[in-house]
Structure formats: structure tokens, C-alpha cells
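Residue numbers (full-length UniProt numbering), protein chains in the order written: chain S, 1 to 219; chain G, 1 to 219; chain A, 1 to 219; chain R, 1 to 219.
Encoded as C-alpha cells, the structure appears first; notes follow it.
Number of protein chains: 4
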Amino acid sequence: MDDDSRLTRWDRRTDLALGIASLVFLGSYAVHVLAPGMPKAAHAFFLSLMYTAWAMFGVDYAVRWRLSGEGPGFVRRHWLDTVVLVLPLLRPVRVVRTYESIQRRHGEPRLPLHARVAAYSALSISLLGFSGALAVYQVERSAPNASIRTFGDSLWWTCSTLSTVGYGDYVPVTTLGRFIAAGLMACGLALLGTVTGSFSSWMLQRFSLGEDERRPPEN
Amino acid sequence: MDDDSRLTRWDRRTDLALGIASLVFLGSYAVHVLAPGMPKAAHAFFLSLMYTAWAMFGVDYAVRWRLSGEGPGFVRRHWLDTVVLVLPLLRPVRVVRTYESIQRRHGEPRLPLHARVAAYSALSISLLGFSGALAVYQVERSAPNASIRTFGDSLWWTCSTLSTVGYGDYVPVTTLGRFIAAGLMACGLALLGTVTGSFSSWMLQRFSLGEDERRPPEN
Amino acid sequence: MDDDSRLTRWDRRTDLALGIASLVFLGSYAVHVLAPGMPKAAHAFFLSLMYTAWAMFGVDYAVRWRLSGEGPGFVRRHWLDTVVLVLPLLRPVRVVRTYESIQRRHGEPRLPLHARVAAYSALSISLLGFSGALAVYQVERSAPNASIRTFGDSLWWTCSTLSTVGYGDYVPVTTLGRFIAAGLMACGLALLGTVTGSFSSWMLQRFSLGEDERRPPEN
Amino acid sequence: MDDDSRLTRWDRRTDLALGIASLVFLGSYAVHVLAPGMPKAAHAFFLSLMYTAWAMFGVDYAVRWRLSGEGPGFVRRHWLDTVVLVLPLLRPVRVVRTYESIQRRHGEPRLPLHARVAAYSALSISLLGFSGALAVYQVERSAPNASIRTFGDSLWWTCSTLSTVGYGDYVPVTTLGRFIAAGLMACGLALLGTVTGSFSSWMLQRFSLGEDERRPPEN
């Protein structure tokens, strides 16, 4: 119990810092990928930012492991945290959650449950898609017969993939690019189902409220 | 409360007028896009129709802001209304709602909840798809290496996009066209999930009614 | 009430005949499309079969209208029946229902609700897909630059469309073919959502039954 | 009742053996397809492994038929088992279930219901996809104008198919390959809906738990 409350306190204290670190990580990775021609010093600065943020995730993971009082089972039981530690580009997805939990602590008015889940998933998809587009672009741009050659193409390809439309006008051709794409499809589909399902529940709720439809329901 | 009831009264009084204005806006925009070779006077007439309708939306927004008694928070809290004001092509989606609320006031027999939501979403998708096809056609037709060259192509592309089939035989190639396409995917997917979910709930309801399946359930 | 019970009796008596007529219609249409080189007499025979079945649908519609005691509102209120009368290729979808209702009357053991809905929708999709593939094949095969040239291509295209995969290797190019395709997408998506949703509910049910998973739940 | 409990006992005793046989079947089939150039003796060994596993499935089917005390109706009533017997590549899908039921018997901590269903379906999709990729690769690689020429292409095609993205850059061209693809789409879509639905229910559950989100809910 004591460990648990210490864990909760740790989470509460580091939430904001880690959220900012996640955005910093994504931002400096974006700069690293999208501005390859910048001066060496600037490049080194952004790279160091990136690795600092990553180190912070590692420290957080270690402290939480320690505080949990669990043995090696922690790695397996918190496998999602482990995956996110290894692939920090997935980290920004947690930012939305952080924002939500901070907002709640401040007692701000909350949206109804379904709307909140829909908004959370929609934002997660956007961040995930942006990260995925960056990663695929970095991998594909130098491939000999790639079809994804600009970041715009990569973003467009991400939209068409995450919505499961899949035009096929731009397609990753490298093995690594395809692995990233497959991961993007998997995460995207799960989150998409959540957006869709919550949105549809929310609309049903609003419709079932007879007269005063303009005001969102309490729950 | 007083403000609120005045808001309700305003909504009730302007519902029909705004619904008609939405259809007029969509209609004159369609004429503007699809009949570029018509005489100058006619063109000016349809353009003025379009802008008049848009102005009406602006007035409605302003009055509702005023009546709500809220400060600048109104813009954020009613962000959907704000978006629809800026992108009036999304407006016709509300027409179905207007029709529904007018019908209810007249006490006409209502469909069961799920069927109503399914019908509402299906009609919204149709209007949204038509608007999207118009906008994409307008943007793409003059692009140098566009694949969408006729309005028929654009409609077909819209069908294949909104259903998430995505053949890829016709694809937007301009940046603006792709932005519209991404918006269409996002709205389409959310609404599609609603259609699908409600339809499926409705079928489950009908099946679970043992003997008298021909008659729709009350709720 | 009297009209109603007469309507019920009519339905009960004609269910089987109409179900068979639907299959006969689909079968003779298939022969008409797939065997264009057969002797004239055989062709005339299948055509007459087709039109006889269609006439039966018309008579059924008329009698039900009569028995319902409703005025012209019948056409609007039973719009689904009206659509099916005009597009009899949609008729076979009702066969599954007929089979189900006959089976129930004989008191045979019924599947759990969700499994039944899933099976019903899956069979409907299959029949719908087969009809759609036939219609698209008939329309496309003679188009100058068609990509769908054999019935096999058409079936493959239907699979890829109804599952919303949409490879785009075969695509309808005529206006009529695209209209049929759009209709297929709309019906297919709604039914697909029903299959998917019911199947998933069924699996949840089976999982939530703790120990005796081998036996299906009662409901 | 006696037959039933004997059936239960049979299931309990053979669960593990059959699960291992399923994986052995999949493994030796994979070797058979992916390493065509290996020495004859090794090839014969893997083929015999494959057929031994298949024979075990047949014996299990026969014993369960016998113990059920049912007549030929068994084939129809347990049609899923029958299908799996004929197409043993579908068998590995049951492995996950076996694992789950063994784990439960040992009283290990269980995930909440929705998470369990989501995990089960996700693993099933992976196994199904791997089997499908193998089968399509075997069929397509020797076709004259095939686009799927390596196992990597086949895996990539499977990802894009099961997620319903469907880029269309790789597509089966043989009739048998298309049949397998259609089966893959059908199974994949049903399972995908289950993954998506359960995942979304799980997220809703976690969100609706107010404060202590880190801990999974009991159910």
C-alpha cells in the first residue's frame, strides 16, 4: 500500500514533466528528420534534446519499477510501458492522457465519457500518425525506387492508411518502412475503432435525450 | 435560464430559415462549380445567393453568442458551430437535424431510436460526400497531372473514399485537394461508424422481437 | 386488427413460394448473364422464368398493399419493399429471412441471438455480392476499356469491395457499373457492420461464460 | 451427462497435445513452403510431421464424435470443427484458446474480459495471417504474371488485406490464391471487428474508472 501511494505520488509529480519531454522528443525528432541541411551545431543540439528526453523516460521507468516493489515480472506486466520505452515515438500518445489527468485534477468541467474517449483517441491517432509519417519518411526517402519522396507524400500516405482507405498511390517499399506501416495499421485500427465506437455512442446518447439536445448529457 | 429560453426560442424560430439557407448555399455553390460557362449575370446571381446564405449563418452565430451571455469562451465551447461557420460546406449536414426537429415538433410518428440515428447519419454522409466531391472537383480539375477530371470521377472517388474501399484509380494530387480528402475521411469514418453501429443495433432489436417482426419496435 | 391478421396469414402462406421465386429469379438472371451463347429457346425460357418471378413479387406487393388498408402512404412507409420490387436483384436477401422464419415455425433449435444475426447478415452479404457481381459483369464486359472482363474478375472485385479492402486492380469504368458499385458498398457496409458487431458480441458472450465454453449460451 | 463429462475429460486431457500439434503443423508447413531447396530427407521428415499432426486432428474429431453420442448431425452441428479438420491451417487459431484455458485451470491472474477477448482475437489474427501468407505465397510464386513473388511480399500483402487497407501494390492473380484471399478477408474482418470492439470497450472501462486508472478493473 505504501509503495502504491508512493507510486501514485511519483506519477502525479512527474506527469507534467514527462508530458513535456514527450513533446520535446517528438519535436526534436521532427526537426532531425525534416531539416537535414541545418548547421552541425543545431543538429547536435536537437539530437541531444532527443536523447535527454529518452533518458528521462528511462529514469521514470526505472523509478516506477523500483517503487512498485515487483521483480522482473514488472517488465512483462507493464509490457505497454516497456514497448513505449523502447519505441519512444509512441510516447506522445500518452500526452493526451496526461493533459486529461491534469485537467481533471484542476476540477475543470469534463466532457461526457464517450466524447472524452472519442477526443482522446482522435488526438492519439493524430500524434501517432504524425510520428509514423516522420518515421516512414526517414526510412523511405533514400530507397532507390521509393514512391514516398516528400514529407507531404508521407503524411498523405498516413491519412490513407490510418483511415483504412489505402489508395495505393504511395506505398512503402523498404522492409523497415513496411514494418512501421504494419505497426501503424495495428495501432491505428484499434484506436480508430475506439473513436468510431465512442462517437457513435455519443450521438446515440444525444439523440436519445428528447428535447434539450443542445446541451451535452451529464455522464 | 432566461437567456437559455430566449436561445431556445431563437433556435426554434430560425431553424427552418437556416435549413433552407444551407440548401441554398450548397445549391448555388454546386452551380458555381459545375456550370462555369454560364452568363456573367447568372454567375453573379448565384454567387450573391451563396454569400447571402453565408451572411445569415454569421448573423445566427452572432445572435446565439449574444443570447448565450457567454464571453469569448463561446467560440471554444461551441467549436463545432465555429468550424461550421468558417467552412459553410459542412452546414448542410445540419439540415437533416433541422428536418428531424421540425418533424418532431409536429408530432409525426418517429422511427425507433437506432433507425433514426442510422437514417440521420446516412443522410449526413450523402450531403457531406456531395459537398466534398464538389470541393475536390473544383480544386483538382485544373491541376496539371490530375486524375480527377470530371465531376463524375469526383463523385466516384468520394464513394470509394467514404466507404473506405479506396481503389486508387482516382486520387487527389494537389495539396488542397488532399486536405479536403483527409477531412472527408475523418468526418466520413465517424459518421460511417454511427450508421453501421445503429443499423446493426436496429437489426438486433428486430431479430430479438420474437414473432411480430414486420412491425418496428416502439422505442 | 382484422386486416392485420389477414396480412399475417398472407405472409405466412406466401413466404415459401416467394422465397423460391427469389431464388428462381436470381438463378435465371445468372443463366441469362453467364450463358449468352445458349440456344434461343432456352434463353426465352429463362427470361420468362425471370419475368414470372418478378410478376409474383408485384402481385405480392399489391395484395399486401390492399390488405394493409393503407392509402398511397404504403409506398412511402414500406419503402424498402418498394425498392426491392423495383430492383428485384435485392430480393434474394430476404430468402435468408424466410428460411429463418420457416425454421422457427417448425420449432427447430435456434442459435443464440447474436450468432443468428451474424449468420443472417453473412448469408445476405453473400447473396448480395453474387447479385452485384452478376450485374456489374453484365454492364462492364462490353465497355471499351473495361478492366472487369470475366465473371471471375467480377467476383474477385466484389470480394475486395464488400470487405472494403479495395485493391483497385479491377474497377468498374462505366457510369452504370459505378452506380451498382456504390449501391453494393452502401448495402455491404451496413451488413458488414452487422456481421462484425454480432460476431464480436457472440464471442464476448462465449468468453464470459466461465467454464463450459463448448456449449453455446441459451439466449 | 455421462457422455458429456467424458467429452469434457477428453478435451481437458488432449488440449495441450493438440495445441502443440497445431503449432507443429504450422511450423512444418512453413518449412515445407519456405525452404523448397532443402535435402530430400529433411523434406520428407517435415512432411511426415505435418501429416502426423493432421492425423491427430482426425483422431480427435472421431473420438469427440463418438463420445458426443450424436449421429451424422455432429458434422453439421460442429461445422466449425469440421471446417478446421478439412483446412488444418485454420487450426492454430485454436492454440490461443488452448493457452487461455490451460492458464485458467492453473488459476493465474486473468485479464479483464474485454482485454482478454482483444488479446485472443489479435493473436488469432496474427496466426491466421501467417498461415494465409504462407498459403498465398505457395500458390502465387509460380504463377506466370504474379505480383507476389517473395514471402516478404506475401506478408506485406496480408497486412494490407487484414487491416482492410488494400493498397493494391501486390495482389493475388491465380484463382486459388484469390479464394484463399477471400477466406482471409472473411475471417480477418470478423476477428478484426472483435479486436476493435473489445479494445474500445476496454478503453471505455478504463476511462470510466475515475481516479485509479493505472490498475486494471476486476472484471
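Don't be surprised by glycine CBs; every beta carbon is placed ideally from N, CA and C.
Original post:
Which whole-angstrom value is the C-beta distance of R/L127 and R/V83, which I expect to be below 8 Å?
Top reply: Rounded, the Cβ-Cβ distance is 16 Å, inconsistent with contact.
**OP:** Hey, could you find the ends of the alpha helix (DSSP H) A/T194 is sitting in?
**Re:** T175 to S208
**OP:** Take S/S124 and list the residues in its own chain whose beta-carbon comes closer than 7 Å to its own, dropping the five residues that flank it on each side.
**Re:** V93, V96 and L191
Original post:
Taking any Cβ of chain S, which residues in the stretch 150-165 of chain R have a Cβ under 9 Å from it, in chain order?
Top reply: G152, L155, W156, C159, S160, L162, S163, T164 and V165
**OP:** Give a yes or no on whether the minimum CB-CB distance between R/G168 and chain G is below 8 Å.
**Re:** yes
Original post:
Residues in the stretch 115-149 of chain S with C-beta within 8 Å of chain R's C-beta atoms, listed in sequence order?
Top reply: R116, V117, Y120 and S121
Original post:
Buried or exposed: S/R91, going by 16 or more other Cβ atoms within 10 Å of its Cβ?
Top reply: buried
**OP:** Check S/Y170 in the structure and name its three-state DSSP category.
**Re:** coil
Subject >> CB of A/W65 within 8 Å of CB of A/F74, strictly >> reply: yes
Subject >> A/G177 vs A/V117 beta-carbon contact at 8 Å >> reply: no
Subject >> Among R/R13, R/A135, R/L134 and R/A119, nearest to A/L204 - alpha-carbon criterion >> reply: R/A119
**OP:** Pull up the CB-CB distance for residue 221 of chain G and G/V33, whole angstroms please, since I reckon it's below 8 Å.
**Re:** Here chain G has residues from 1 to 219 only, and residue 221 of chain G is not among them.
Subject >> Minimum Cβ-Cβ distance from G/M38 to chain A less than 8 Å >> reply: no
Original post:
Beta-carbon separation of A/G27 and A/T98 under 8 Å?
Top reply: no
Original post:
To which residues of the same chain is A/V63 closer than 7 Å at the C-beta, ignoring the five residues directly before and after it?
Top reply: W10
Original post:
Is there contact between the stretch 158-169 of chain R and the stretch 159-169 of chain S, where contact requires at least three CB pairs shorter than 8 Å?
Top reply: yes
Original post:
Of all Cβ atoms in chain R, is any one closer than 8 Å to the Cβ of S/M50?
Top reply: no
Subject >> Secondary structure of A/L34, DSSP reduced to three states >> reply: helix
Subject >> Closest Cα partner of A/L87 within the set A/S101, A/T174, A/D15 and A/G132 >> reply: A/G132
Original post:
First and last residue of the alpha helix (DSSP H) that includes S/V59?
Top reply: K40 to S68
Original post:
residue 223 of chain A: buried (16+ other C-beta within 10 angstroms of its C-beta) or exposed?
Top reply: Any question about residue 223 of chain A goes unanswered here, given that chain A covers just 1 to 219.
Subject >> Contacts of G/L113 in chain S (Cβ-Cβ under 8 Å) >> reply: L204, F207 and S208
Original post:
Going by Cα to Cα distance, which pick from A/A21, A/D81, A/H114 and A/C159 is closest to A/M185?
Top reply: A/C159
**OP:** Identify whether A/P88 lies in helix, strand or coil by the three-state DSSP scheme.
**Re:** helix
**OP:** Report yes if the CB atom of G/T14 is closer than 8 Å to the CB atom of G/D81, and no otherwise.
**Re:** no
**OP:** Give the range of the alpha helix (DSSP H) segment to which G/A122 is assigned.
**Re:** L113 to E140
**OP:** Compute the distance between the beta-carbons of S/T198 and S/S121, then report whether it is under 8 Å.
**Re:** Checking the sequence, you will find Ser at residue 198 of chain S rather than Thr. Their beta carbons are under 8 Å apart, which means S/S198 touches S/S121 by this criterion.
Original post:
Since S/S147 contacts S/V173 with CB under 8 Å, what's their CB separation in whole angstroms?
Top reply: 7 Å
Subject >> Nearest to R/L67 (by Cα), restricted to the options R/S5, R/F130, R/F45 and R/K40 >> reply: R/S5
Subject >> Collapsed DSSP secondary structure at A/D15 in the structure displayed >> reply: helix
Original post:
How many whole angstroms separate the CB atoms of S/T175 and R/G152, which I take to be in contact at a CB cut-off of 8 Å?
Top reply: 7 Å
Original post:
Would you say R/V59 faces chain A, with C-beta separation under 8 Å as the test?
Top reply: no
Original post:
Cβ-heavy atom distance between A/S68 and the ligand ATP below 7 Å?
Top reply: As presented, the structure is devoid of all ligands, the ligand ATP included, so that no description of it is given.
**OP:** Look at R/T164 and G/T194 and say whether their C-beta atoms are less than 8 Å apart.
**Re:** no
Subject >> Neighbouring residues, chain G, relative to A/V171 (Cβ below 8 Å) >> reply: Y167 and D169
Subject >> Beta carbon proximity, R/S5 to chain A, threshold 8 Å >> reply: no
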